[in-house]
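Q: Take a look at the following structure, please.
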Amino acid sequence: MQEPEGDRVGSYLNIEKINEWVLCLTLDDVWEMGIEHRSTLKQLKDRVREGGF
12 MQEPEGDRVG SYLNIEKINE WVLCLTLDDV WEMGIEHRST LKQLKDRVRE GGF
């Protein structure tokens with residue numbers, strides 16, 4: 012089995028930017044991604060606000 016290409020140490024996620032992006036999403040934005048219900052978007056944003064994302 013071969014190891015996947017790429018350097019795991021070199022990949023860095025900026026969690027603050029991701030959280031900011033999630034909090035700025037609108038229902039129209041997420042509808043295109045497959046989230047159909049407003050309550051699902053609210054739950055996602057609540058998780059980000061609580062720090063559990």
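For the sequence shown, the residue numbers in this note's numbering are 12 to 64. We put the beta carbon where it would ideally sit given N, CA and C, even for glycine. Keep in mind the model is a prediction, meaning the values are calculated, not measured.
Would Val33 and Lys56 be called neighbours here (beta carbons separated by less than 8 Å)?
A: Reading the sequence shown from its first residue, position 22 is the one you call residue 33. Reading the sequence shown from its first residue, position 45 is the one you call residue 56. Yes, they are a contact pair.
Q: Would Met44 be called buried (16 or more neighbouring beta carbons within 10 Å of its own) or exposed?
A: As a position in the sequence shown, residue 44 is number 33, starting the count at 1. Exposed, by the Cβ-count rule.
Q: What distance in whole Å lies between the Cβ atoms of Leu38 and Arg49, which are believed to be in contact at a cut-off of 8 Å?
A: Here the question's residue 49 lines up with position 38 in the sequence shown. Here the question's residue 38 lines up with position 27 in the sequence shown. Rounded, the Cβ-Cβ distance is 6 Å, consistent with contact.
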